[in-house]
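S.K.:
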Amino acid sequence: MSLMPKRVLWRKHQRGVIRGPATRGRTVAFGDWGLQSLEPGWITAAQLEAGRVAGQRAAGTGRIYIRVFPHKPVTSTPEETRMGTGKGEVDYWCATVRPGTVLFEVGGVTEAVARLAMNRISHKLPLKTKLLARRHGV
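The sequence shown begins at 428 in the numbering used here and counts up one residue at a time.
(1) Is it true that the stretch 514-532 meets the stretch 484-501, where meeting means three or more beta-carbon pairs spaced less than 8 Å apart?
(2) Are the stretch 517-526 and the stretch 465-478 touching by the rule of at least three beta carbon pairs closer than 8 Å?
(3) Can you grab the Cα-Cα spacing for the pair residue 486 / residue 429, in whole Å?
(4) Find the nearest neighbour of residue 513 within the set 476, 432 and 504, judged by alpha-carbon distance.
(5) Flag this pair as yes or no: are the beta carbons of residue 520 and residue 471 separated by less than 9 Å?
(6) Skipping 5 residues on each side, what residues in its chain have a beta carbon closer than 7 Å to that of residue 447?
(7) Secondary structure at residue 429, three-state DSSP: helix, strand or coil?
(8) Drop a sphere of 10 angstroms on the beta-carbon of residue 545, count the other beta-carbons inside from all chains shown, and report buried for 16 or more, exposed for fewer.
(9) Quick one: Cα of residue 405 to Cα of residue 537, how far?
(10) I'd like to check one pair, residue 560 with residue 459: are the Cβ atoms closer than 9 Å?
(11) Compare the beta carbon distance of residue 562 and residue 450 with 9 Å and say whether it is the shorter of the two.
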């Protein structure tokens with residue numbers, strides 16, 4: 428099942444530019460371990476789903492949290508279409524990610540299992556990532 432919004436105000440968005448580090452969503456909030464992005468980029472709904480499946484298989488009874496949601500529609504025109512036919516239809520949905528954003532979290536597992544799960548997830552993503560531990564008592 429693909430992640431996408433139920434309703435949107437505008438069907439098609441412009442691409443935009445990702446500038447600067449993340450200002451929100453930088454810390455581990457729900458689980459004990461988190462996967463933080465180190466570079467800006469787009470993560471498609473299919474990549475998020477692939478990461479969720481791989482992480483859940485590796486985590487076993489642990490809980491996987493997805494901290495980003497694909498709000499951005501990305502359009503494309505069909506192959507062999509001439510210029511000047513307008514903007515294409517929505518092809519897929521993606522999440523815009525800044526450096527420092529926590530993408531996934533896992534809770535209820537040991538450090539070794541969390542490392543394995545986050546490693547499996549990071550192989551499905553197009554960005555460089557690092558493992559974060561939850562800071563208790565801050």
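Every residue, glycine too, gets a C-beta built ideally from N, C-alpha and C.
Just so it is clear, the structure is predicted and the values come from calculations on it, not from any experiment.
M.R.: Based on what the coordinates show:
(1) yes
(2) yes
(3) 22 Å
(4) 504
(5) yes
(6) 525
(7) coil
(8) buried
(9) Residue 405 is absent from the structure shown; the chain starts at 428 and stops at 565.
(10) yes
(11) no
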